[in-house]
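Which chain is which? The protein sequence lines are A and B, in order. Residue numbering for the first sequence is 5 to 319, as defined by the working numbering. Residue numbering for the second sequence is 5 to 319, as defined by the working numbering. Backbone N, C-alpha and C define an ideal beta-carbon position, used for all residues, glycine too. Notes follow the structure.
Number of protein chains: 2
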Amino acid sequence: MPAKATASAPASIGNVIVGFDILGQSLDAARDTVTAVREDEPGVRLGEVSGLVSTLPPEAHRNTALAAAAAVLTASNSPFGARLSIDKGVPMSAGMGGSAASAVAAAVAVNALLDDPFTLEELFPFCLEGERVASDPPHWDNVMASLIGGLVLASRLDPIGVTSLPVPPGLTTILFHPAAQIETRMARAILMPEVPLKLVIEHSRRLAAFIAGCTTANLALIRDSFEDILIEPQRAHLLPVLPAVQAAAREAGALGCSFSGAGPSVFAWARNEDADAVEEAMRWAFLDAGLAARAYRAALDSPGARLEALAERVE
Amino acid sequence: MPAKATASAPASIGNVIVGFDILGQSLDAARDTVTAVREDEPGVRLGEVSGLVSTLPPEAHRNTALAAAAAVLTASNSPFGARLSIDKGVPMSAGMGGSAASAVAAAVAVNALLDDPFTLEELFPFCLEGERVASDPPHWDNVMASLIGGLVLASRLDPIGVTSLPVPPGLTTILFHPAAQIETRMARAILMPEVPLKLVIEHSRRLAAFIAGCTTANLALIRDSFEDILIEPQRAHLLPVLPAVQAAAREAGALGCSFSGAGPSVFAWARNEDADAVEEAMRWAFLDAGLAARAYRAALDSPGARLEALAERVE
Numbered sequence: 005m006p007a008k009a010t011a012s013a014p015a016s017i018g019n020v021i022v023g024f025d026i027l028g029q030s031l032d033a034a035r036d037t038v039t040a041v042r043e044d045e046p047g048v049r050l051g052e053v054s055g056l057v058s059t060l061p062p063e064a065h066r067n068t069a070l071a072a073a074a075a076v077l078t079a080s081n082s083p084f085g086a087r088l089s090i091d092k093g094v095p096m097s098a099g100m101g102g103s104a105a106s107a108v109a110a111a112v113a114v115n116a117l118l119d120d121p122f123t124l125e126e127l128f129p130f131c132l133e134g135e136r137v138a139s140d141p142p143h144w145d146n147v148m149a150s151l152i153g154g155l156v157l158a159s160r161l162d163p164i165g166v167t168s169l170p171v172p173p174g175l176t177t178i179l180f181h182p183a184a185q186i187e188t189r190m191a192r193a194i195l196m197p198e199v200p201l202k203l204v205i206e207h208s209r210r211l212a213a214f215i216a217g218c219t220t221a222n223l224a225l226i227r228d229s230f231e232d233i234l235i236e237p238q239r240a241h242l243l244p245v246l247p248a249v250q251a252a253a254r255e256a257g258a259l260g261c262s263f264s265g266a267g268p269s270v271f272a273w274a275r276n277e278d279a280d281a282v283e284e285a286m287r288w289a290f291l292d293a294g295l296a297a298r299a300y301r302a303a304l305d306s307p308g309a310r311l312e313a314l315a316e317r318v319e
Numbered sequence: 005m006p007a008k009a010t011a012s013a014p015a016s017i018g019n020v021i022v023g024f025d026i027l028g029q030s031l032d033a034a035r036d037t038v039t040a041v042r043e044d045e046p047g048v049r050l051g052e053v054s055g056l057v058s059t060l061p062p063e064a065h066r067n068t069a070l071a072a073a074a075a076v077l078t079a080s081n082s083p084f085g086a087r088l089s090i091d092k093g094v095p096m097s098a099g100m101g102g103s104a105a106s107a108v109a110a111a112v113a114v115n116a117l118l119d120d121p122f123t124l125e126e127l128f129p130f131c132l133e134g135e136r137v138a139s140d141p142p143h144w145d146n147v148m149a150s151l152i153g154g155l156v157l158a159s160r161l162d163p164i165g166v167t168s169l170p171v172p173p174g175l176t177t178i179l180f181h182p183a184a185q186i187e188t189r190m191a192r193a194i195l196m197p198e199v200p201l202k203l204v205i206e207h208s209r210r211l212a213a214f215i216a217g218c219t220t221a222n223l224a225l226i227r228d229s230f231e232d233i234l235i236e237p238q239r240a241h242l243l244p245v246l247p248a249v250q251a252a253a254r255e256a257g258a259l260g261c262s263f264s265g266a267g268p269s270v271f272a273w274a275r276n277e278d279a280d281a282v283e284e285a286m287r288w289a290f291l292d293a294g295l296a297a298r299a300y301r302a303a304l305d306s307p308g309a310r311l312e313a314l315a316e317r318v319e
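Structure (structure tokens):
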């Protein structure tokens, strides 16, 4: 029976363009890594914290990793507990799925300690319990993307259904995390509770075209439909540089560009051969606005969570 | 230069389930046939009317076929005119795209008389001009499905973009046209002008899953998402037997069942091997409600409009 397991999970993009609350994608340009060590005492405890942060809340109800791990142990009726060390590679409050990455990595790590582990898909509800600590209701789109990888659709609510969507080959995701703050809760609170039917239809047109474009590898269709007319207009003022970054990205050949999650990060899709030019163009648009921004870049078809190491005994 | 051309166009289903105003499919179980005869006098005139009706309005601004044909002739700066005979095979006011079928067949027929004819796709705006006579704004979904065939997405509004979607093989569409009246204009007028954001998200989930299910031939995904929670609940009372028909269809193995267009016709998708059982179940559900209903049935991947005959001279 393993005594120690290390797992990692990538950053992720929620609300992928037209997929508010339902479409997520992994972004394997930053990962959280969690090491779970089996302990006789039931329950979960926080071990070392490293990487982008040096402290995290030690209580399970305030820490997404601990909460997810606890949910896994509880569901499996585990007689033992675990201590979790967390190495944060995904920035927090960036709109990059940082809380989801910790929850997912923790669930995968602690799951590997079990006699009879769950499958990756079966871990989804436990990861959601972890994410719920950061936001309730939890962000499905980030959690499922970080867990499973690639472009993922929250296809059914009850019972939970998650569907991996094929994506065209040869595409790169470029994400910039600017030195700006957008509070997710606030970004959600400002949304109009009602949407004009005409807007619903126009949004539906783009969503249907976008999904068809992805699944049939039709780049022209993706380019035409890579536009969020439902949510983005209500949030664009939270990051005044957004239109300039979008225009720069499109001009440099991007298929499109929008907020990652509720922002402040902004991402674009581009053909691999255009990715350098798109990254440069976006960087300059941020700089022109006097905004420092860090770039992250990965293949669109990025992997999800994975077990990194497993040891029979703790050294 | 041809003196006479005959073309036909199939019935069609608008608002395919989750695709209100954006998804159409052809239904090659009934067709309108239009014969256009070249005449020296410019403009369009009504010839014989046959089939399901014996009279139709003779003025272009009240007749979808004449209006579409006139639009084609005008756009091509044709020095000649045409007389159109119309054989109606698609019932009117059935929610089966009857007006679109006439417009499409007429456009294709008169186009064949031209020196330099348009492509099928190029005829789309002229067909829309025809459909506009029946409803303004015109029903894109019916027009494009009848013209191009198969399952079609109105992927872009301006400039017009129409995309054929791949569908899983081995599926049958079963449609029942009941002896009931639903006026399209009224069916649209009763719709709430605003939609709660939560409902938009749940609808989007189904739309995305439905498109992915069709394009990746995932029948389970289609079955799960074949549900119109946006429009149908607002119109279901217009055909009280609808829930019974839907339940009967599902129970007999249908992937799902909903209004065709604004009704009163109701259609289902089923695997070919389940189609007989689904048709029987739907028929009995209508009969149990004391409602006569005629069945139409065709492969999901049904053809669109086609030229049937071309003659150098009029016999």
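If distances are taken between C-alpha atoms only, which option among the options comes closest to residue i?
i        : options                                   : result
B:Leu31  : B:Ala105, B:Asn81, B:Phe24 and B:Ala73    : B:Ala105
A:Arg287 : A:Leu124, A:Asn222 and A:Pro182           : A:Pro182
B:Pro141 : B:Leu161, B:Asp278, B:Leu157 and B:Leu127 : B:Leu161
B:Arg164 : B:Ala69, B:Ile17, B:Ile26 and B:Thr219    : According to the sequence as given, residue 164 of chain B is Ile; it is not Arg. Considering only alpha carbons, the answer is B:Ile26.
B:Ala110 : B:Gly154, B:Val53, B:Ser159 and B:Ser139  : B:Val53
B:Lys92  : B:Val38, B:Trp144 and B:Ser139            : B:Val38
B:Phe24  : B:Glu198, B:His207, B:Arg49 and B:Asp228  : B:His207
A:Ala281 : A:Ile186, A:Ser80, A:Arg210 and A:Arg254  : A:Arg254
A:Phe180 : A:Leu88, A:Pro61 and A:Glu284             : A:Glu284
A:Ser103 : A:Phe128, A:Asp305, A:Asp36 and A:Gly308  : A:Asp36
B:Asp232 : B:Ala224, B:Met148, B:Leu203 and B:Gly217 : B:Leu203
A:Gly99  : A:Ser16, A:Ser80, A:Ala293 and A:Ser12    : A:Ser16
A:Phe230 : A:Leu211, A:Ala73, A:Ala289 and A:Ile152  : A:Leu211
A:Ala309 : A:Thr10, A:Pro14, A:Ile90 and A:Val199    : A:Pro14
A:Glu125 : A:Arg136, A:Asp119, A:Ala149 and A:His143 : A:Ala149
A:Val112 : A:Val137, A:Ser139, A:Ala72 and A:Ser82   : A:Ala72
B:Pro46  : B:Val22, B:Pro61 and B:Ala79              : B:Ala79
B:Asp305 : B:Ala9, B:Thr219 and B:Leu201             : B:Thr219
According to DSSP, what are the bridge partners of residue i?
i        : result
A:Ser89  : A:Thr39
A:Leu157 : A:Leu27 and A:Thr167
A:Trp144 : Answer by DSSP bridge pairing: none, since A:Trp144 is not bridged.
B:His181 : B:Arg298
B:Cys261 : B:Ala272
B:Thr176 : B:Ala274 and B:Ala303
A:Ser12  : A:Thr37 and A:Arg310
B:Glu198 : A:Pro200
A:Gly55  : A:Lys92
A:Arg49  : A:Arg87
A:Ala17  : The sequence given here has Ile at residue 17 of chain A, not Ala. Partner(s): A:Gln29.
B:Ala2   : The displayed coordinates of chain B run from 5 to 319. Any statement about residue 2 of chain B would go beyond what the structure contains.
Just to confirm my understanding: we take residue i, look at its own chain, exclude 5 residues before and 5 after, and list those with CB closer than 6 Å. What are they?
i        : result
B:Ala33  : Tyr300, Arg301 and Ala302
B:Pro173 : none
A:Leu155 : Gln29, Leu169 and Val171
B:Cys261 : Gln250, Ala253 and Ala272
B:Phe122 : Asn115
B:Ala221 : Pro172
B:Asn276 : Gly174 and Thr176
B:Ser89  : Thr39, Gly51 and Glu52
A:Gly101 : Ala15, Ser16, Asn146 and Ser150
Sorted by chain position, which residues of the same chain lie with C-beta nearer than 8 Å to residue i's C-beta, five sequence neighbours on each side aside?
i        : result
A:Ala279 : Thr176, Ile178 and Arg301
B:Asn196 : At residue 196 of chain B the sequence reads Met, which differs from the Asn that was named. Within the same chain, B:Met196 has close Cβ partners Gln238.
A:Ala7   : Val41, Arg42, Leu117, Ala315, Glu316, Arg317 and Val318
A:Leu56  : Lys92, Gly93, Val94, Pro95 and Met96
A:Asp44  : Phe84 and Gly85
B:Arg189 : Ser139
Using C-beta distances below 7 Å, list every residue in its chain close to residue i, excluding the 5 sequence neighbours before and after it, in chain order.
i        : result
B:Ala75  : Phe130, Glu133 and Gly134
A:Ala213 : Leu225, Asp228 and Ser229
B:Ala64  : Val48, Leu70, Ala71 and Ala74
B:Thr68  : Ser103, Ser106, Ala107, Gly134, Glu135, Val137 and Ala138
(message) Any C-beta of chain B within less than 9 Å: which residues of the stretch 196-210 of chain A qualify?
(response) Met196, Pro197, Glu198, Val199, Pro200, Leu201, Lys202, Leu203, Val204, Ile205, Glu206, His207, Ser208, Arg209 and Arg210
(message) Give me the subset of the stretch 168-189 of chain B whose CB atoms are less than 8 Å from a CB atom of chain A, sorted by chain position.
(response) Leu169 and Pro170
(message) Can you pull out the residues from the stretch 223-241 of chain A whose beta carbon lies closer than 8 Å to at least one beta carbon of chain B?
(response) Leu225, Asp228, Ser229 and Leu234
(message) In chain order, what are the residue ranges of uninterrupted alpha helix (DSSP H) at least 4 long that sit wholly in the stretch 231-259 of chain B?
(response) 236-239 and 246-255
(request) Name, going along the chain, the residues of the stretch 17-36 of chain A whose beta-carbon falls closer than 9 Å to a beta-carbon of chain B. (result) Val22, Gly23, Phe24, Asp25, Ile26 and Leu27
(request) Give, in chain order, every residue of the stretch 141-159 of chain A whose Cβ lies closer than 7 Å to some Cβ of chain B. (result) Leu157, Ala158 and Ser159
(message) Can you pull out the residues from the stretch 259-285 of chain B whose beta carbon lies closer than 7 Å to at least one beta carbon of chain A?
(response) none
(request) Give the residues from the stretch 107-123 of chain B that approach chain A closer than 7 Å (Cβ to any Cβ), ordered along the chain. (result) none
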